[in-house]
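Trainee:
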Ligand SMILES: N[C@@H](CCC(=O)N[C@@H](CS)C(=O)NCC(=O)O)C(=O)O
Ligand SMILES: *[C@@H]1O[C@H](CO)[C@@H](O)[C@H](O)[C@H]1NC(C)=O
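This is how it looks when you write it as structure tokens:
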């Protein structure tokens, strides 16, 4: 923030490439073939996200927040939707190609944030992020939330046995939105059994996580 001079139409993402919520935004930009963006790192360790200058952009004090010209926008899923709408005519059709496709994408985006996110976010927080802060993992919380996640993914398993992707036969923003926390659970926490034990969920995960866009996100994550 502050002293960096950037031309007006560059999208500025205040966040961290390695963070789950920021990577949802970056993956969307890459799928939509948007190249004019920069990530302005927010130093969570020194608490930069709780300082007045940052709170003026994101009053809840979390990352990410973007600035696109006069628009300041936070909440990673809202940012991803904005990017899909703004760049509707380029890159991957992350909303599909019809009103009903879009409706299904929205349905599964809601499932991601309402059913999937809480148990997986809690497990990843306990298993990974607590460690970064020198806190101790509560194993009973992990166990209860992974069990809850497994029952959510049982529903995905049935759905994905009949549909290649969540919204139908096309890769969408709904699939993409699941990548950050699945990555952390499977590859960082190494607790991916709830995914790998389910045939269709695992095939879906293998498919969506092998997309060039996500591989690029992983490179950015590693460089952070
Ligand atoms: N719902 C928000 C969540 C944002 C969020 O929780 N960000 C985390 C990183 S993924 C954060 O800033 N954590 C730092 C903190 O809570 O102090 C979004 O999707 O943008
Ligand atoms: C998940 O974790 C929370 C703590 O964040 C805990 O209160 C809850 O009981 C756990 N289990 C389930 C099934 O959500």
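In our numbering, the protein residues as written are 11 to 234.
The beta carbon of each residue, even a glycine, is placed where N, CA and C say it ideally should be.
Computed from a predicted model, the values in this text were never measured in an experiment.
(1) Does DSSP put residue 165 in a helix, a strand or coil?
(2) Return yes when the Cβ of residue 86 is within less than 8 angstroms of the Cβ of residue 162, no when it is not.
(3) Whole-angstrom Cβ separation of residue 67 and residue 115, contact assumed at under 8 angstroms?
(4) Quick check on the burial criterion: 16 or more other C-beta atoms within 10 angstroms. Buried or exposed for residue 95?
(5) Just to confirm, does residue 132 get its C-beta within under 7 angstroms of one of the non-hydrogen atoms of ligand 2?
(6) How big is the Cα-Cα spacing for residue 169 and residue 228?
(7) Should residue 78 and residue 21 be called a contact, given that it needs their Cβ atoms to be closer than 8 angstroms?
(8) Is the closest heavy atom of ligand 1 to the C-beta of residue 59 under 7 angstroms?
(9) Express the C-alpha separation of residue 106 and residue 175 in angstroms, rounding to a whole number.
(10) Is it right to say residue 203 is buried, meaning 16 or more other beta carbons lie within 10 angstroms of its own, or is it exposed?
(11) Among residues of its own chain, excluding the 5 on either side of residue 42, which ones have a beta-carbon nearer than 8 angstroms to its beta-carbon?
(12) Cα separation between residue 129 and residue 152?
Mentor: Straight from the coordinates:
(1) Residue mapping note: residue 165 aligns to position 155 of the chain shown, counting from 1. Of the three classes helix, strand and coil, the one that applies to residue 165 here is helix, per DSSP.
(2) Numbered from its first residue, the chain shown carries residue 162 at position 152. Numbered from its first residue, the chain shown carries residue 86 at position 76. Contact: no.
(3) The count along the chain shown starts at 1 and reaches residue 67 at position 57. The count along the chain shown starts at 1 and reaches residue 115 at position 105. That belief does not hold up - the Cβ atoms of residue 67 and residue 115 are roughly 28 angstroms apart, past 8 angstroms.
(4) As a working mapping, residue 95 is identified with position 85 in the chain shown. Looking at its Cβ environment, which holds fewer than 16 other Cβ atoms inside 10 Å, residue 95 is exposed.
(5) Residue numbering aside, residue 132 sits at position 122 when the chain shown is read from its first letter. Yes.
(6) For the purposes of this step, residue 169 is taken as the residue at position 159 of the chain shown. For the purposes of this step, residue 228 is taken as the residue at position 218 of the chain shown. The alpha-carbon atoms of residue 169 and residue 228 are separated by roughly 28 angstroms.
(7) Counting from 1 along the chain shown, the entry for residue 78 is found at position 68. Counting from 1 along the chain shown, the entry for residue 21 is found at position 11. Taking 8 angstroms as the Cβ cut-off, residue 78 and residue 21 qualify as a contacting pair.
(8) The sequence position of residue 59 within the chain shown is 49, counting from 1. For ligand 1, at least one heavy atom lies less than 7 angstroms from the Cβ of residue 59.
(9) By 1-based counting over the chain shown, the position of residue 175 is 165. By 1-based counting over the chain shown, the position of residue 106 is 96. Residue 175 and residue 106: Cα-Cα distance of roughly 11 angstroms.
(10) One-based indexing of the chain shown puts residue 203 at position 193. Exposed is the call here.
(11) As a working mapping, residue 42 is identified with position 32 in the chain shown. 93, 94, 97, 100, 101, 102, 104, listed in sequence order.
(12) On the chain shown, residue 129 is found 119 positions in, with the first residue counted as 1. On the chain shown, residue 152 is found 142 positions in, with the first residue counted as 1. C-alpha separation (whole angstroms): 9 angstroms.
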